[in-house]
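Asks: Let me begin by handing over the structure; questions about it come next.
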Amino acid sequence: MRNVFVNIVCALPALQAFGWSLLSGIIGTLILAGFFSGIMSLELLSILLPLIAGANASISGYMLIERAENEFTRKNMASAAVGLFVALLSIIAANAICFKISGFFLLSGSQALVATAMGVIGGWSGGVLAVKYRKLKEQTTAS
């Protein structure tokens, strides 16, 4: 029992960083979707929502690596995973809100698959960018 508790406490900073980056990506997507729904048609918003989710997933992937400096051994996979979850949960939340307000789903299944792929690619690219930035920062401080 004590080993389980120690493992949970040791993994807590990584889980907190994952949770905060996930939450910020979802909230960012919903804020942008709400803003854009006021200035454009819902049809155009449904086309642009995968791009919005992908952009917020890349920010979340970057923030995950920045927050948890040495917590992850596979940084690119962790950032791709946070991008996947940001995209999935953002699409579910946007569809639920749109269904509650208007009575229809904002995104179809194929658009949700595109948004998920954009989220994975965006999260991965954000993680790669964070790793490269950290290496560049270490090189400049070393010399």
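Sequence positions in the sequence shown follow the working numbering and run 0 to 142. Where is the CB? At the ideal position from N, CA and C, for every residue including glycine. It should be emphasised that the depicted structure is a prediction, and the values quoted were computed from it without experimental measurement.
Which residue wins for smallest C-alpha separation from I120, given the options N55, T140, G18?
Replies: Mapped onto the sequence shown, residue 120 falls at position 121. Out of N55, T140, G18, N55 has the C-alpha closest to the C-alpha of I120.
Asks: Could you check if F103 is buried or exposed, using at least 16 other CB atoms within 10 Å of its CB as the buried criterion?
Replies: Mapped onto the sequence shown, residue 103 falls at position 104. When all chains shown are included, F103 counts as exposed.
Asks: By a C-beta neighbour count over all protein chains shown, 10 Å radius and 16 as the cutoff for buried, is K99 buried or exposed?
Replies: Counting from 1 along the sequence shown, the entry for residue 99 is found at position 100. It is exposed - the Cβ of K99 has fewer than 16 other Cβ atoms within 10 Å.
Asks: Look at L17 and A67 and say whether their C-beta atoms are less than 9 Å apart.
Replies: Against the sequence shown, residue 17 aligns to sequence position 18. Against the sequence shown, residue 67 aligns to sequence position 68. Before going further, note that residue 17 is Phe rather than Leu in the sequence given. Taking 9 Å as the Cβ cut-off, F17 and A67 qualify as a contacting pair.
Asks: Throw me the rounded Cβ distance for the G126 and A79 pair, which I believe falls under 8 Å.
Replies: In the sequence shown, counting from the first residue as 1, residue 126 sits at position 127. In the sequence shown, counting from the first residue as 1, residue 79 sits at position 80. Right, the Cβ-Cβ distance comes to about 7 Å (below 8 Å), so this counts as a contact.
Asks: Figure out for me which residue from S40, P12, I58, S101 has the closest Cα to the Cα of T28.
Replies: Reading the sequence shown from its first residue, position 29 is the one you call residue 28. The candidate whose alpha carbon is nearest that of T28 is I58.
Asks: Mapping DSSP to helix, strand and coil, what is N55?
Replies: As a first step, residue 55 must be located in the sequence shown, where it is residue number 56. DSSP places N55 in helix when its eight states are reduced to three.
Asks: When the Cβ atoms of the region 78-92 are set against those of the region 107-118, are three or more pairs found closer than 8 Å?
Replies: yes
Asks: Excluding sequence positions up to five away, which residues of its chain have a Cβ less than 7 Å from the Cβ of A32?
Replies: Against the sequence shown, residue 32 aligns to sequence position 33. Hits under 7 Å: L44, L48, I51, A93.
Asks: On the CB-based measure, 16 or more other CB atoms within 10 Å of its CB, does G108 come out buried or exposed?
Replies: The residue you call residue 108 lines up with position 109 of the sequence shown. The Cβ neighbour count for G108, taken over all protein chains shown within 10 Å, is under 16; the residue is labelled exposed.
Asks: On the three-state DSSP scale, how would you describe G102?
Replies: Translated into the one-based positions of the sequence shown, residue 102 becomes position 103. Coil.
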